[in-house]
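Q: For what it's worth, the working numbering labels the leading residue of the sequence shown as 16, then goes sequentially.
Backbone N, C-alpha and C fix where the C-beta goes; we use that ideal spot for every residue, glycine too.
Bear in mind that the values here come from a model prediction, so they are computed numbers and not experimental data.
Here it is, the structure, as structure tokens.
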Amino acid sequence: MMRLIRFEFEKIVNKKIVYAAIAFILIMGCAMCIGRGAGAQIVRKPDGSYLEGREAVRYDKEIAAEYEGILTEKKVEEILKTYSPNAEDGSFWGINNIYNSLVSHWGEMDGTYDGTDVLSAFPNYRDDRPMVLGYNEGWLSFLETGAYMMIFIGCLLVIALAPVFSEEYTRGMDALILTSRHGKRKCAWAKIIASYLFTFLSVGVWLLFQSFVYWKDFGLDGSGASVQINNHFLFFDVPYFLTNMGAAGYCLILWIGGSLILTALVLLLSALCRSSFAAVIAALACYVLPSTLGQMGVPAEILSLNPTWDFLMETPLMIPKLSLMGGVQVSYVWVTAAFGLGMSVLSFVLCRRIFAKHQVT
Numbered sequence: 016m017m018r019l020i021r022f023e024f025e026k027i028v029n030k031k032i033v034y035a036a037i038a039f040i041l042i043m044g045c046a047m048c049i050g051r052g053a054g055a056q057i058v059r060k061p062d063g064s065y066l067e068g069r070e071a072v073r074y075d076k077e078i079a080a081e082y083e084g085i086l087t088e089k090k091v092e093e094i095l096k097t098y099s100p101n102a103e104d105g106s107f108w109g110i111n112n113i114y115n116s117l118v119s120h121w122g123e124m125d126g127t128y129d130g131t132d133v134l135s136a137f138p139n140y141r142d143d144r145p146m147v148l149g150y151n152e153g154w155l156s157f158l159e160t161g162a163y164m165m166i167f168i169g170c171l172l173v174i175a176l177a178p179v180f181s182e183e184y185t186r187g188m189d190a191l192i193l194t195s196r197h198g199k200r201k202c203a204w205a206k207i208i209a210s211y212l213f214t215f216l217s218v219g220v221w222l223l224f225q226s227f228v229y230w231k232d233f234g235l236d237g238s239g240a241s242v243q244i245n246n247h248f249l250f251f252d253v254p255y256f257l258t259n260m261g262a263a264g265y266c267l268i269l270w271i272g273g274s275l276i277l278t279a280l281v282l283l284l285s286a287l288c289r290s291s292f293a294a295v296i297a298a299l300a301c302y303v304l305p306s307t308l309g310q311m312g313v314p315a316e317i318l319s320l321n322p323t324w325d326f327l328m329e330t331p332l333m334i335p336k337l338s339l340m341g342g343v344q345v346s347y348v349w350v351t352a353a354f355g356l357g358m359s360v361l362s363f364v365l366c367r368r369i370f371a372k373h374q375v376t
């Protein structure tokens, strides 16, 4: 069985288009990590001078350490007053991480405090716990990079896995496979196992690499701060208390769960379609088209069961937590993870059955 799995895995990988897709992902990934890494950071000091690279990161962390903790109106006013560039367009200046995170929520056009209370910027927030301020640049850059890269990796999974079954129909090899001793059972299972192995390696290797890069550049400072307080225009509508580290953990679950859903969907289409070209087109359509559903009033609970929206991560996190027996509350992220596992099990059963019952011509 192991030899069959290895053989099927090599068939998935050993294609020029797969090599090209992997090379593109590596180049884009490295570019994003560099463009959002420590070397790209710039901050402005109160005297008007600028710091770049790791010096900027250290300066940002020093300011964050001074003000970290529960966010109050007094703290907002003090920070905006201390670091304001004293310009008419002060709210558009990039000053430092803490100032930038606050001015986008509570700043006037000149960068001064607008006088509103802290929670006014988050009308959907329903948690009793107060917002917590802290350093967030590394965490938000990690999440943004992950979202973009998972979209690219999703395309890789479609291109690599769509031919798993359908290519056998195209080449007429299904007749040989299905009439062999183990063709209807072991061969089908080997194809499915090899496909999930490719998914886990592609997603796992990238996420481990990305996590290491951002940990090395930014560390874990600000892990307990509220993820809603940022100037990246992300997670403003998350209705419950969620830290930067908690958001990163949830997003890792979403990215892996979305990959499982996508793999299951692509394998099912591969088993159903009669040619590899048709399988690729159908899989790409099922992957790309749901991205338009957000403008059609489709409930977030439904969108969150689609890999594209899981890779983009924000929609599942915006859903209020579910109340279980005993008053336990859990994020909808776990529903997505459970759905991904269920789809994986279903793909093992259905794909083998569809392939085994294929009419040999």
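Return the first residue and the last residue of the beta strand (DSSP E) that Leu66 is part of.
A: Segment 65–67, the beta strand (DSSP E) holding Leu66.
Q: Out of curiosity, what's the CA-to-CA distance linking Trp324 and Ser306?
A: Their backbone Cα atoms lie some 7 Å apart in a straight line.
Q: Looking at Ile207 and Phe24, is the spacing between their C-beta atoms short of 8 Å?
A: Not in contact: Phe24 and Ile207 (Cβ atoms no closer than 8 Å).
Q: Which first and last residues belong to the beta strand (DSSP E) in which Arg59 is found?
A: Here the beta strand (DSSP E) through Arg59 covers 57–59.
Q: Using DSSP with H/G/I as helix, E/B as strand and the rest coil, what is Gln243?
A: Note: Gln243 maps to coil in three-state DSSP.
Q: With DSSP run on the structure shown, which of helix, strand or coil describes Thr131?
A: The answer is coil: DSSP assigns Thr131 none of H, G, I, E or B.
Q: For the pair the region 59–74 and the region 127–139, tell me if three or more CB-CB distances fall below 8 Å.
A: Flag = no, the region 59–74 and the region 127–139 do not touch.
Q: For Leu212 and Ala279, what's the separation of their Cα atoms in angstroms?
A: If you take the alpha carbons of Leu212 and Ala279, they lie about 12 Å apart.
Q: May I ask you to report which of helix, strand or coil DSSP gives Ile334?
A: Three-state result, Ile334: coil.
Q: My assumption, with CB atoms under 8 Å, is that Glu159 sits in contact with His247. Please give the rounded CB distance.
A: Contact holds; Cβ gap of about 6 Å.
Q: Counting C-beta neighbours from all protein chains within 10 Å, is the total for Ser319 16 or more, i.e. buried, or is it exposed?
A: That one is buried.
Q: Which runs of the alpha helix (DSSP H) at least 4 residues long sit entirely within the region 95–149? Give them in chain order.
A: You should have 112–121.
Q: Compare the beta carbon distance of Cys366 and Phe215 with 8 Å and say whether it is the shorter of the two.
A: No, they are not a contact pair.
Q: For Ala35 and Ile271, I'd like the C-alpha separation in whole angstroms.
A: Whole-angstrom Cα-Cα distance: 23 Å.
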